[in-house]
Each structure stands twice: as C-alpha cells, then as structure tokens.
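Step one of this worksheet: look at the structure below.
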Amino acid sequence: MSKDLFSSLRPALVLTVLFALLLGLAYPLALTGAGQALFSRQANGSLIRQGDRVVGSELIGQAFASPRYFHGRPSAAGAGYDAMASGGSNLGPTSKVLAERVKGDVAALQTSPGNPAPPDMVTTSASGLDPHISPEAAFFQVARVAAARGIDAGAVRKLVADHREGALLGFIGEARVNVLALNQALDTMAGRGAQPVP
Amino acid sequence: MTIQGWTLILVFTVLVFAMAKPFGMWLFALYEGRRTPLHRLLGPVERGFYTLAGIDPDAEQSWRRYALHMLVFQLVLVVFTYTVLRLQGVLPMNPRALPGIGADGAINTAISFVTNTNWQWYSGEVALSNFSQMFGLVIHNFLSAATGIAVAFALFRGFARREVASVGNFWADCTRVTLYLLLPVSVVYALFLIASGVPQTLAASVEVTTLEGIKQTIALGPVASQEAIKMFGTNGGGFFNANSAHPFENPTALTNFVEMLSIFALGAGLTWCFGKAVGNTRQGWAILAAMMVLFVAGASVAYWQEAAGNPILHQLGAAGGNMEGKEVRFGIAASALFSVVTTAASCGAVNAMHDSFTALGGMIPLFNMQIGEVVVGGVGAGIYGFLLFALLAVFVAGLMVGRTPEYVGKKIEAREVKLAVLAIAMLPLCILGLTAVSAVMPEGLAGPLNKGPHGFSEILYAFSSGTGNNGSAFAGLSAGTPFYNALLAVAMWLGRFFVIVPVLAIAGSLAAKKHTPETAGSFPTTGPLWIGLLIAIILVVGGLTFLPGLALGPIADHLAMVSGQQF
Numbered sequence: 070m071s072k073d074l075f076s077s078l079r080p081a082l083v084l085t086v087l088f089a090l091l092l093g094l095a096y097p098l099a100l101t102g103a104g105q106a107l108f109s110r111q112a113n114g115s116l117i118r119q120g121d122r123v124v125g126s127e128l129i130g131q132a133f134a135s136p137r138y139f140h141g142r143p144s145a146a147g148a149g150y151d152a153m154a155s156g157g158s159n160l161g162p163t164s165k166v167l168a169e170r171v172k173g174d175v176a177a178l179q180t181s182p183g184n185p186a187p188p189d190m191v192t193t194s195a196s197g198l199d200p201h202i203s204p205e206a207a208f209f210q211v212a213r214v215a216a217a218r219g220i221d222a223g224a225v226r227k228l229v230a231d232h233r234e235g236a237l238l239g240f241i242g243e244a245r246v247n248v249l250a251l252n253q254a255l256d257t258m259a260g261r262g263a264q265p266v267p
Numbered sequence: 200m201t202i203q204g205w206t207l208i209l210v211f212t213v214l215v216f217a218m219a220k221p222f223g224m225w226l227f228a229l230y231e232g233r234r235t236p237l238h239r240l241l242g243p244v245e246r247g248f249y250t251l252a253g254i255d256p257d258a259e260q261s262w263r264r265y266a267l268h269m270l271v272f273q274l275v276l277v278v279f280t281y282t283v284l285r286l287q288g289v290l291p292m293n294p295r296a297l298p299g300i301g302a303d304g305a306i307n308t309a310i311s312f313v314t315n316t317n318w319q320w321y322s323g324e325v326a327l328s329n330f331s332q333m334f335g336l337v338i339h340n341f342l343s344a345a346t347g348i349a350v351a352f353a354l355f356r357g358f359a360r361r362e363v364a365s366v367g368n369f370w371a372d373c374t375r376v377t378l379y380l381l382l383p384v385s386v387v388y389a390l391f392l393i394a395s396g397v398p399q400t401l402a403a404s405v406e407v408t409t410l411e412g413i414k415q416t417i418a419l420g421p422v423a424s425q426e427a428i429k430m431f432g433t434n435g436g437g438f439f440n441a442n443s444a445h446p447f448e449n450p451t452a453l454t455n456f457v458e459m460l461s462i463f464a465l466g467a468g469l470t471w472c473f474g475k476a477v478g479n480t481r482q483g484w485a486i487l488a489a490m491m492v493l494f495v496a497g498a499s500v501a502y503w504q505e506a507a508g509n510p511i512l513h514q515l516g517a518a519g520g521n522m523e524g525k526e527v528r529f530g531i532a533a534s535a536l537f538s539v540v541t542t543a544a545s546c547g548a549v550n551a552m553h554d555s556f557t558a559l560g561g562m563i564p565l566f567n568m569q570i571g572e573v574v575v576g577g578v579g580a581g582i583y584g585f586l587l588f589a590l591l592a593v594f595v596a597g598l599m600v601g602r603t604p605e606y607v608g609k610k611i612e613a614r615e616v617k618l619a620v621l622a623i624a625m626l627p628l629c630i631l632g633l634t635a636v637s638a639v640m641p642e643g644l645a646g647p648l649n650k651g652p653h654g655f656s657e658i659l660y661a662f663s664s665g666t667g668n669n670g671s672a673f674a675g676l677s678a679g680t681p682f683y684n685a686l687l688a689v690a691m692w693l694g695r696f697f698v699i700v701p702v703l704a705i706a707g708s709l710a711a712k713k714h715t716p717e718t719a720g721s722f723p724t725t726g727p728l729w730i731g732l733l734i735a736i737i738l739v740v741g742g743l744t745f746l747p748g749l750a751l752g753p754i755a756d757h758l759a760m761v762s763g764q765q766f
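Chains A and B, in that order, give the protein sequences.
Sequential numbering from 70 applies to the first sequence in our numbering.
Sequential numbering from 200 applies to the second sequence in our numbering.
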C-alpha cells in the first residue's frame, strides 16, 4: 500500500503541472489568439460603435428610462443592467416580494383590458442583461414611443416588425427584438444620431 | 405549450440517440487504447507526458491501485487550485486587483471543480481574475471529466474481462481521454462559440456609454475556452454569475441548442461504448432507452408547468407562462428543456434561474439530481451510476425468479450488490442528513432568500446538487458562508468518491470472475421488460427515499401557489 502510494506521487505531481500548462495556459491562450485573429468583433464582446463612441454590446441589454426609447425587461443585475453583476431575482413562485414587484411593474405599464401586460415586461430575466424583448412587448410600447417623439405610430410599428427575429428552423429559439438595435434604428430614423438624451 | 416547443424536445431527443454511436465509437477506441487519427498530432505530447511523469501506460493496475492513484491525483489537484485561489492577489492577469479567496471559499471551490460539481458560491465576474478562471479552474473541467470516464472504463473492463486481477491503467485512461477527445473537441467547439458571440479575450472589462448616456462596464474574459469544456465535460461552472443564461456564455438560440446537445454527447456515447465493450451493443441501447424515457417524462412535466405559469402572477395581470428568471431568446420550452438536461446529466450549467421556476417545474431538476443523475448523466458518472441501478435491478429480478442474477456475462453476487447499495445509500445519507442539519441550525436557516416551503427547497436543492456533483442551484440561497462552504464541500467529496471507490471495487470483483454464458434461463437485459424494470427500480429507490423531503418543499410550495398563498 505504501509503495503504491509512493509510486503515485510522481505521476500525480508531474501531470498536474503539465496539464496546468497545457489546459490552463496553452489552450486558452491559443484560442484567444485564434479568436482575435478570426472573429475579432465577437471575441471582444460584439461591441457597437457610433462614430468613435462605443454605445454598447449587441448582446448585452442596457437600461432605458426615457419614454422616447423602447424599454428592456426589468433587471435584477445590480441596480439594473449592471454588466459586472449578472443574475436573476431568484424569487420563488410563492414569494410576496415577487408578487409586490410584479404588481408595481404592471401598474407602471399603460395596460387596458384589451392590452394586457406582456409577460416578459413584468418579469426579470435570468441574466439581468437580456438584450431582447418579445415582439408583443415591443408592439405594446409603440404608442408611447411614437407619442414621445411626435412621430407616426405606423412608422414605428413597421420598424419593430423589421427588427423582429424569428426562430431558427422554426423551432430553435423564440421570436424576439433586440432593444438596443431597435432604439438605434429609431434614432437614425429620427435623424438624431447617437446624441445622448438631454 | 406550443407545437414549436414540443418539436424542440422531440428533435433534441432524436439527436441524442443519433449522437450515441459516433461518440461511442470514439470513446471505444480510447477504451481499448487504439490509435486514432489524432495520434499523429498528439502522440508525441502523450509520450512526452508519460516520460516526464514516469508512467508506463501498459502497466495494468488492480482496482485498489487504480483507485489509490486516482485519489492521490485528485488530492494534488485540490491543493493546486486551493493555492491558486488563495494567492489570486499576487498572481498575474488581475487588472482589477482582486484579493485572494478566503480559506473556506477556496477549499469549497477547489473540491467543487475537482469533483466535477462546479458549485459556485461566488460570482465569477465579481470574485475571480481571468488567471484564476483559466489556470485554476479550466484544468479541472478537463481532468474531472477524464477521471469520470476513466472510472467508467475500469467498470466496463470489469464486465468485459475474464479472470484477471486488473482493470486498466488510470494515468493512461485519464491522459488519453483528455488529449484525444476532450481537448480537440473543445478547440473546435470554442471556435464555434466565439464565432457566435462568446468573448475570448484577456481584457477583464470594457466601458461603454449607452444610448441614454449612462456608463456601463461590461465584464469580459477568456469565456469561450471555458464554456466549451464546461458543457462537453458536464462541469457547469460558469464564467459569469448568470452562467449559461448570460448572453456572453450563451448568445443565441443555436448556441443554446448546441450547448444542450453537448451536455449529453459523452453520456450517450458511453452507453454505446459499454455495449460494445461487453460484446453486445443492444445492452447499451437498452440503457440509453431507459434513460431517455425518464428524460422525456421529466422534460414534459417541466415544460407543462412552466408554460402553465404562476397563478399568483396571473391574478396580478401578468398573463401567460412563467418568464421570471428566463431569457427571451430561449423562451419557456428551451429553458425548461435545458433545466432537465443539465440536472439529468451532472452538468449544472443553467440558462434560466431554477429558483424562480414554478414549484413543480423546479421539482423536476431537483428529483433528477436526487435519483443520482443517472439519466444520461455526467461524463462517466452517469453510466457508472446507472450500472449500479442495473445491478440492483438484476438482483431484484434474480430474487423474483430464484436464480443467481447475471448481467452481461457476469454473476452478480453478494459482494457486488452490497457495494452497489453502499454507493447508492451515500446519496440520501448526504442529501437528507445535511439538509436536516441545515434546517435546524441558525447558520443554515440564515441561507434561504425565499420564505416558506420554497426556502426549504433552496436548502434541499443545494445538498442534492452538491452530493450529486451537479452544481446548479436554487441560487437565492446565500451559500458563500463558512457553514455552507464547509458542509457542501463535504457533500461534494463524499458524493463523488464514496461512489467511485465502491464502483472500482465492483470493477475489480467482476474482472476476477469467469464468464457466464447466457442461457435460456438468463433474465434478458435488452428488451422492454428490462427497460421497464430499470425505470421502476430507479423511481422506487428515488421516490421512496426523497418523497417526504419533496413533500415539505416543492409539493407544499405548489399547493400554496395554486391556492394563492404567499410567503
């Protein structure tokens, strides 16, 4: 037994070092090199630039508060869309805190019996950084955005429809709208470029 | 529920069957130690490793030696990662100057990754530097998976070999699986992920100014290289806190679909490899069929419950399915499916927050872990765990017909059955015992975020996940305390090695037996009767053991939910 134990030490120690070098350094570093060379945009976070300003990542949701923009979902990441603190609310189905929050979120939306709250607009996402909303949630906001901008609701509705992405092969994924892309298009349509909202 | 959702589940299931043989053949070549096309490229690396480490890959080991060498390797690996995490503050690639991890947290994480659990009490983007992630953690994503497969290979040899004292060479099995299977697949897989939007950079973060003029700092890192092996090796430890729900870990519906398939790829392949190893691939297909019946049943219940939604929220005007803690790009079907895949296998990655599932939707992942993650299962761990249940099943069948039970050409006698029961009994002992302790200690009761039965579910889930080496969580539980770090470290260690050592003992015991040819009187272990018996044994053992616990947690939670009671 003690001879067995002793004979295992050298392979255990040496393989730990060798595998650490191979799998912990060579593998990720080689992939970083390859990724940067082949897919540099994606490898660096799919950032979106307007002129010389980086306005966000195509994949990471951001907070929108102005009525002139489409809003994303409620977020539990930090104080909201904190991309250094991803996460969900983790509130369970019978949580009083959850019910209170949803009640408040529903009240903040301009719902009516014929126009109920879209489920994704009153629930937090898993990451807190969900870049998408459902097409229903986008259409729900058209009237508000159009009124705030003083533009034709029909044009805004068309913009939403143009930004709708469907399921791959009809069954992989859900219909969705990228909020940042939609809002950028909204600004472009209104000829505002990327100026910060006053 | 939609046709689209059911199509997803159906197509996924069909593809799991389709993956079994190709991955099984690849595994079988490594099981036999045959040359593969990759040997031309990586053969010198393998030989170099053996030379430096003083390993003779052809030296056969008894089960005791195999187990001892495996355990020593695991201990060295624990010390390695513990040291890296403790010293984080002085190690390179730490631009945010993050401090070293505390002792209880570091030992928990080291054990967590070595045991293929990847339970995470910390948030990756908050607590760990890029160096800690790639140098301290990724190595285990490979080696814990390779260790699981090595143990499965040893058990296969026990069934396949006749009257010998050896079960293979641990070092050779572990090295070959890593070099010729896990590493090459991970490289290709990671490139696919990068192309799909998963970052792969040494930068720690980037600052942007949003359309509304707010500063947003976005965490980055070498994510893709970790993500690939995290899924393929059923590890599940996320680079970010939100794990595979984070758009940088799982950016599109397609990456999500591939991630789910990759969790099951090796588990399904190992069933085929087992059949091939014992000389009858139908044995492997029967196992996979039994697994997939349980899988589809679980996925259907989870999807049904999540699509039905939460009546309490319906009352408040939030109609439809349960979207709390889910991402829009995946929706309800792919989130429910992912939750069942990740807990059926011992992966533990999540693309939705299980804590916010409906009561019964969340019970399915919990139950999957409690029955030992034998539905396809973790790489290696799934098949050797399932074979323990198969031994129990032939034992029960043998009792019914009054014959010494046999399985794939080996007589199953008292020693094997005792060892199998010992391994299976570790699950309830750890899960229920440690949950009970936590439910009465003030340190334990300080953990849950949610009140009422759901709070109890959070504790039960944590120990089911730790013992089952899963790693997913009802993440509302504040588990980053010395109390939970210590108890969960114990659960993870026992849940891993108090199963593996009995499994290797069974392997040794079987290898020494002579072959018993199948006769007309042998209980057939390939047909529907056998598949039904396997499923029944798993459900009876799991159901009888865990039903009382489930009644206190998710079932009570469900009754409260449908009657509108809040906590």
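For glycine and all other residues, C-beta sits at the position ideal for the given N, C-alpha and C.
- Neighbours of valine 124/A in chain B, taken as residues whose beta carbon is under 7 Å from its own, are Val407, Thr408, Thr409, Leu410 in chain order.
- Linking glycine 560/B to alanine 258/B through their CA atoms gives a straight-line distance of about 49 Å.
- When Cβ-Cβ separations below 9 Å define contact, arginine 285/B makes no contact with chain A.
- Assigned with DSSP and collapsed to three states, threonine 235/B falls in coil, not helix or strand.
- When only Cα atoms are considered, threonine 257/A and alanine 645/B end up about 51 Å apart.
- Around glutamine 131/A, the beta-carbon contacts reaching into chain B at under 9 Å are Val407, Thr409, Leu410, Glu411, Ile413, Gln415.
- Secondary structure note for valine 289/B: it is in no beta strand (DSSP E), with a DSSP letter that is neither H nor E.
- Taking 9 Å as the cut-off, the Cβ atoms of alanine 186/A and alanine 517/B count as close.
- In this structure, the beta-carbon distance from methionine 292/B to serine 328/B falls below 9 Å.
- Listed in chain order, the non-local C-beta contacts of histidine 757/B below 7 Å within the same chain comprise Ala558, Leu559, local neighbours out to five positions each way being set aside.
- Cα atoms of phenylalanine 447/B and isoleucine 129/A: separation of roughly 8 Å, rounded to the nearest angstrom.
- DSSP lists Gln260/B as the beta-bridge partner residues of glycine 367/B.
- When DSSP assignments are scanned along the region 480–523 of chain B, no uninterrupted stretch of beta strand (DSSP E) that is 3 or more residues long falls wholly within it.
- Around leucine 214/B, the same chain offers Leu460 as residues with beta carbons nearer than 8 Å, after the five sequence neighbours per side are excluded.
- Listed along the chain, the chain A residues whose CB falls inside 7 Å of the CB of arginine 528/B are His201, Gly242, Glu243, Arg245.
- At a beta-carbon threshold of 7 Å, none of the residues of chain A lie near serine 311/B; the nearest stands roughly 17 Å away.
- Secondary-structure assignment with DSSP links tyrosine 606/B through a beta bridge to Lys609/B.
- Residue-level contact check: aspartate 756/B touches chain A, since one or more beta carbons of chain A fall below 9 Å from its beta carbon.
- Counting only the Cα atoms, leucine 92/A lies some 21 Å from tryptophan 225/B.
- Look at serine 115/A: its C-beta is under 9 Å from a C-beta on chain B.
- Counting every other CB atom within 10 Å of its CB across the protein chains shown gives asparagine 184/A a total below 16, marking it as exposed.
- The region 501–521 of chain B makes no contact with the region 427–445 of chain B: fewer than 3 CB pairs, one atom from each, lie closer than 8 Å.
- Membership of serine 534/B in the alpha helix (DSSP H) is indicated by the continuous run 530–543.
- Setting aside the 5 residues that flank it on each side, alanine 371/B is surrounded in the same chain by Pro256, each with a C-beta closer than 6 Å to its C-beta; the list follows chain order.
- Separation of the CB atoms of alanine 580/B and valine 539/B is rounded to 17 Å, and the pair is thereby denied contact status at 8 Å.
- Residues of the region 415–431 of chain B with a C-beta atom less than 7 Å from some C-beta of chain A are Gln415, Thr416, Ile417, Ala418, Leu419, Pro421, Ala423, Ser424, listed in chain order.
- From the beta-carbon of tryptophan 370/B, the residues of chain A found nearer than 8 Å are Pro80, Leu84.
- Around the Cβ of serine 109/A, a 10 Å sphere holds fewer than 16 other Cβ atoms; the residue is exposed.
- Bounds of the alpha helix (DSSP H) holding threonine 744/B are 727–749.
- Here methionine 599/B is exposed. Its C-beta has fewer than 16 other C-beta atoms within 10 Å.
- Under the DSSP assignment, asparagine 247/A falls in the beta strand (DSSP E) whose first and last residues are 245–247.
- Setting aside the 5 residues that flank it on each side, leucine 116/A is surrounded in the same chain by Val123, Ser126, each with a C-beta closer than 6 Å to its C-beta; the list follows chain order.
- Membership of glutamine 425/B in the alpha helix (DSSP H) is indicated by the continuous run 422–431.
- The CB of histidine 445/B comes closer than 8 Å to the CB of Ser155, Ser196, Leu198 in chain A, given here in chain order.
- As computed with DSSP, leucine 237/A is found in a beta bridge with Ile241/A.
- Contact note: proline 188/A reaches chain B through Ala517, Ala518, Gly519, Gly520, Met522, using a C-beta cutoff of 7 Å and chain order.
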